[in-house]
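J.: Have a look at this one.
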Amino acid sequence: MQQYSRTKVTKAGKALCDEDYHDERELEKLMNVLSFWRFEHDLPLKSAFQLIQDVVLNIDKSSTFGNRLKRLSYIVKKLQRWETMKLGNVRDIGGCRDIVFYCVTGNG
């Protein structure tokens, strides 16, 4: 997969947000940049997810876990909602969640 600079990623995000492209070929190039940026978050997400599982399963083996990368269309919609946001600065492209059933109660 081709690498893109943060500047190129930011420009692609702005063009997608503003729908500033002239044809399907240009749109495809912009979507390739967005896909690259999204995929850049996959390994850190997997690492964080594994760390959370390792810690939480020591506390509650019945916990449920999930993780995902944000869909491409939702990334574009987020950029459109927040006019000052740049694609290179979006912080929630990936996320993980766990549901813990173990509950600690205390006296007092």
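At position 95 of the sequence shown (counting the first as 1) the number is 87 in my numbering, and the numbers step up by one without a gap. Quick reminder that beta carbons are idealized off the backbone N, C-alpha and C, glycines included.
1. Considering Asn59, what are the terminal residues of the alpha helix (DSSP H) in which it resides?
2. Could you please give the first and the last residue of the uninterrupted beta strand (DSSP E) stretch that includes Arg89?
3. What does a CB cutoff of less than 7 Å around Gln45 pick up in its chain, not counting 5 residues either side in sequence?
4. If you count every other CB in all the chains shown that lies within 10 Å of the CB of Leu79, and 16 or more means buried, which is it?
5. Is there contact between the region 58 to 73 and the region 18 to 31, where contact requires at least three CB pairs shorter than 8 Å?
6. Who are the Cβ neighbours of Ser55 in its own chain at under 7 Å, not counting the five residues just before and after it?
T.: Well, looking at it:
1. Numbered from 1 along the sequence shown, position 67 holds the residue referred to as residue 59. Element bounds for Asn59: not the alpha helix (DSSP H) but the beta strand (DSSP E), Thr56 to Leu61.
2. For the purposes of this step, residue 89 is taken as residue 97 along the sequence shown, with counting starting at 1. Per DSSP, Arg89 belongs to the beta strand (DSSP E) from Gly86 to Ile91.
3. Within the sequence shown, the letter at position 53 stands for residue 45. So the list reads Phe57, once near-sequence residues are dropped.
4. The count along the sequence shown starts at 1 and reaches residue 79 at position 87. When all chains shown are included, Leu79 counts as buried.
5. yes
6. Residue 55 sits at position 63 when you count from the first residue of the sequence shown. Here the set comprises Val48, Leu49, Asp90, Ile91, Val92 and Phe93.
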